[in-house]
Structure formats: structure tokens, C-alpha cells
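Chemist: Take this note's numbering: the last position of the sequence shown gets the number 259, and nothing is skipped along the way. Got a structure for you, written out below as C-alpha cells; questions coming shortly.
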Amino acid sequence: MVDSAGGRSQLSQVATSLIVLIVLLFLTGPLAHMPGAVLSAVVFLIGVELIDIKEMRKIWIQSPTEFWVALITAIVVVTVGVEQGILLAMALSLVDHVRRSYQPKNAIVAADQMGGWQLAPLTAPVQLQPGLMVYRFTHTMYYANADRLSQEVVDLANGAQPPLSWFCIEASAVAGVDFTAAATLRSLYGILKEKGIRLVFANVVDDTVLAELDRFELTDLIGKDAFYSTLREVMDAYEKQNLASKIRK
11 MVDSAGGRSQ
21 LSQVATSLIV
31 LIVLLFLTGP
41 LAHMPGAVLS
51 AVVFLIGVEL
61 IDIKEMRKIW
71 IQSPTEFWVA
81 LITAIVVVTV
91 GVEQGILLAM
101 ALSLVDHVRR
111 SYQPKNAIVA
121 ADQMGGWQLA
131 PLTAPVQLQP
141 GLMVYRFTHT
151 MYYANADRLS
161 QEVVDLANGA
171 QPPLSWFCIE
181 ASAVAGVDFT
191 AAATLRSLYG
201 ILKEKGIRLV
211 FANVVDDTVL
221 AELDRFELTD
231 LIGKDAFYST
241 LREVMDAYEK
251 QNLASKIRK
């Protein structure tokens, strides 16, 4: 109401709040005698002002999924009730979030021409160095995407040319690991070990993730020396190991 009347200052907000407080304390009795049609008209006018066709069109163009959530919520609010619409909106938003996290846009980290890093699609599984592949997981690891994590890692390891010696999971975007994902990582460690591939991690920057890996006994299983702060450290360690292997030979 303040916004539609042109109010922009803090004083207008305070004045409106005081008027509302006075009405609630002293004028609810007189308001009870107002015809239902008048109250309905007030609510209807406020509701009409909340409808923004241009914004809905913008949402449709930029995010069709959120458009349908907004449209369904509006229909439920009008036909059923406000509380039901809010609860439905929360439920639909959670479903959409799970859908997105179920199919994270993971990628391969590759070297660019400037000596830095760039992301490549999983369909082009390039290696950062011969025998070293870096796989970037872009979401929290939990039950909804654990199978996808397992399938992608196994497919990349099986199809790598030349064969891999190290497989690195770049985990800067990982904000947590649940029990199912921990079991998946444990299984992947075993699968890669059988293939002669060492599993390492880079950029595990969240202390919560480190604590969860410790709690699920993954740090001891994989080895504390398998966790690196940066990709550069991973590359240096990999080169040092290759150099040591050549010297022994």
C-alpha cells in the first residue's frame, strides 16, 4: 500500500505501521460492520496489484520451471487458499531443487592455452596430464546423486586413453557428504584400486566436508596424503611420483 501510494521514506513506513497498529487496537469493532463485499473488494484490489504479467513473462523466458511453480502456486492461492498455496510452493521448490541436484552438471578439468584451467564436458574426457584425470563434481554428494557420481567415475576410468594412474575428484563445489555418498566413495575407491588407479581429492575447502569424510572413515581409507589443497599440488605430486618411478626403473 505504501509503495503504490508513492511512499519511499522510512517515515512513511513508520506512519503506516502506527496507523495499522491503531486500527488493530481500537477499530476492529467498527470494521466488523463493514459489508463483506467492501472487504472483498479491498482484498481483490490488493491481489490484482500483486499480479505482474511482465515479470511472469520474464520468468517464463529465463526459467520455465520456476514459471510453472509460480503459476501453480497462484492458482492454488486463488482457488483453495493462501496457506495451501504457500505450502505447495515450498514443496514444489524442494522438488525442483532435488531434481537439479540429482543431475548436477559435472565436468572435466583440463589445461587451457594460457597455462590455467578450463572445464570440458564429460563427453570429452581429456586428461590434465597423461594418466591424470580431474573430475569436478558440482553439487553436494548425497543419496539423490550418488548413483550418478559412481556411474560417471567408473565410465571415465574405463574409457580413459591412455589408462589412468590417478583419478582426482575436484571438490570445491561439494558442501557435504551423506552416508549413501560416503558408501559410494568407498566403493569407488575399491573399484579404482583394483584397476591400479589412485583416488585423490583436490580443493576440499569446506571443513564440514573434511569432518564428514573423517566420520565416515574415508580419510583413513583413502589416505590423508590423498587430499590436496590445489590442483597445482596434485600435478606436482603426480609429476614427482612419475619421476620417482622412472628413477627406480
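Built from N, CA and C at the ideal position, the CB exists for glycine as well.
Below 8 Å, how does it come out for the stretch 102–111 and the stretch 134–144: are there three or more Cβ pairs, yes or no?
Modeler: no
Chemist: Does the distance from the C-beta atom of Thr150 to that of Ala185 stay below 9 Å?
Modeler: The residue labelled residue 150 in the question sits at position 140 within the sequence shown. The residue labelled residue 185 in the question sits at position 175 within the sequence shown. Yes; because the gap between Cβ atoms is below 9 Å, this pair is in contact.
Chemist: If I measure Cβ to Cβ from Val136 and keep anything under 7 Å in the same chain, skipping five residues before and after, which residues do I get?
Modeler: One-based indexing of the sequence shown puts residue 136 at position 126. For Val136, where only same-chain residues beyond five positions count, the Cβ hits under 7 Å are Ile118, Ala120 and Ala130.
Chemist: Indicate whether Val187 and Phe177 have their beta-carbon atoms separated by less than 9 Å.
Modeler: Within the sequence shown, the letter at position 177 stands for residue 187. Within the sequence shown, the letter at position 167 stands for residue 177. Result no, Cβ atoms of Val187 and Phe177 do not sit closer than 9 Å.
Chemist: How about Leu174 and Leu228: are their beta carbons less than 9 Å apart?
Modeler: Locating residue 174 in the sequence shown gives position 164, counting from the first residue. Locating residue 228 in the sequence shown gives position 218, counting from the first residue. Taking 9 Å as the Cβ cut-off, Leu174 and Leu228 do not qualify as a contacting pair.
Chemist: Between Ala99 and Thr83, how many whole angstroms is the CB-CB distance? I'm expecting something under 8 Å.
Modeler: Within the sequence shown, residue 99 is the residue found at index 89, counting from 1. Within the sequence shown, residue 83 is the residue found at index 73, counting from 1. That pair is a contact at about 4 Å.
Chemist: Would you mind sorting Ile179 into buried or exposed? The rule is 16 or more other CB atoms within 10 Å of its CB.
Modeler: Counted from its first residue, the sequence shown places residue 179 at position 169. Flag for Ile179 reads buried.
Chemist: Among the candidates Phe147, Ala191 and Gln128, whose CA atom is the shortest distance from the CA of Ala154?
Modeler: Along the sequence shown, read from residue 1 onward, the residue named residue 154 stands at position 144. The option with the nearest alpha carbon to Ala154 is Ala191.
Chemist: From Val12, Asp157, Leu41 and Lys115, pick the residue whose C-alpha is nearest to that of Thr26; which is it?
Modeler: If you number the sequence shown from 1, residue 26 lands on position 16. The shortest C-alpha separation from Thr26 is found at Val12.
Chemist: Just to confirm, is the Cβ distance from Glu59 to Ser14 under 9 Å?
Modeler: Against the sequence shown, residue 59 aligns to sequence position 49. Against the sequence shown, residue 14 aligns to sequence position 4. Result yes, Cβ atoms of Glu59 and Ser14 sit closer than 9 Å.
Chemist: Please report the distance separating the alpha-carbon of Ala236 from that of Val210.
Modeler: Indexing the sequence shown from 1 puts residue 236 at position 226. Indexing the sequence shown from 1 puts residue 210 at position 200. Each residue's Cα considered, the two are about 5 Å apart.
Chemist: Could you tell me the alpha carbon to alpha carbon distance between Asn168 and Ser73, rounded to whole angstroms?
Modeler: Your numbering for residue 168 matches position 158 in the sequence shown. Your numbering for residue 73 matches position 63 in the sequence shown. Roughly 36 Å separates the two Cα atoms.
Chemist: Is DSSP giving Ile207 helix, strand or coil here?
Modeler: Within the sequence shown, the letter at position 197 stands for residue 207. Looking at Ile207 - three-state DSSP - the assignment turns out to be coil, as it is neither helix nor strand.
Chemist: What are the partner residues of Met151, as DSSP defines its beta bridges?
Modeler: Within the sequence shown, the letter at position 141 stands for residue 151. In the DSSP output, where bridge partners are listed per residue, Met151 has Val187.
Chemist: Just reading off the beta strand (DSSP E) that Arg146 is part of, what are its end residues?
Modeler: One-based indexing of the sequence shown puts residue 146 at position 136. Its beta strand (DSSP E) spans residues Leu142 to Arg146.
Chemist: Can you give the beta carbon distance from Ala212 to Ala247, rounded, assuming they're within the 8 Å contact cut?
Modeler: Here residue 212 refers to the residue found at position 202 when the sequence shown is read from its first residue. Here residue 247 refers to the residue found at position 237 when the sequence shown is read from its first residue. With 8 Å as the limit, Ala212 and Ala247 do not qualify as a contact, their Cβ atoms being about 10 Å apart.
Chemist: So is Pro45 buried or exposed if we call it buried at 16+ other beta carbons inside 10 Å?
Modeler: As a first step, residue 45 is located in the sequence shown; it is residue number 35 there, counting from the start. That one is exposed.
Chemist: Please say whether Phe77 and Ile2 have beta carbons closer to each other than 9 Å?
Modeler: With the chain covering only 11 through 259, there is no way to say anything about residue 2.
Chemist: By Cβ distance, which residues of its chain are closer than 8 Å to Leu21, with the 5 residues on each side in sequence left out?
Modeler: Mapped onto the sequence shown, residue 21 falls at position 11. Cβ neighbours of Leu21 beyond the five flanking positions: none.
Chemist: From this set, Arg18, Thr38, Pro114 and Val48, which residue's C-alpha is nearest Ala183's C-alpha?
Modeler: Taking the sequence shown and counting its residues from 1, one reaches residue 183 at position 173. Looking only at Arg18, Thr38, Pro114 and Val48, the smallest Cα-Cα distance to Ala183 is reached by Pro114.
Chemist: Would Leu253 and Leu138 be called neighbours here (beta carbons separated by less than 9 Å)?
Modeler: Sequence index remark: in the sequence shown, residue 253 carries index 243 (1-based). Sequence index remark: in the sequence shown, residue 138 carries index 128 (1-based). Cβ distance not < 9 Å, so Leu253 and Leu138 don't count as in contact.
Chemist: Give the secondary structure of Gln113 by DSSP, where H, G and I count as helix, E and B as strand, and everything else as coil.
Modeler: Position 103 of the sequence shown, counted from the first residue, corresponds to residue 113. DSSP places Gln113 in coil when its eight states are reduced to three.
Chemist: Among Met245, Val219, Ile257 and Gln251, which one has its Cα closest to the Cα of Gly126?
Modeler: Looking up residue 126 in the sequence shown gives position 116. Out of Met245, Val219, Ile257 and Gln251, Met245 has the C-alpha closest to the C-alpha of Gly126.
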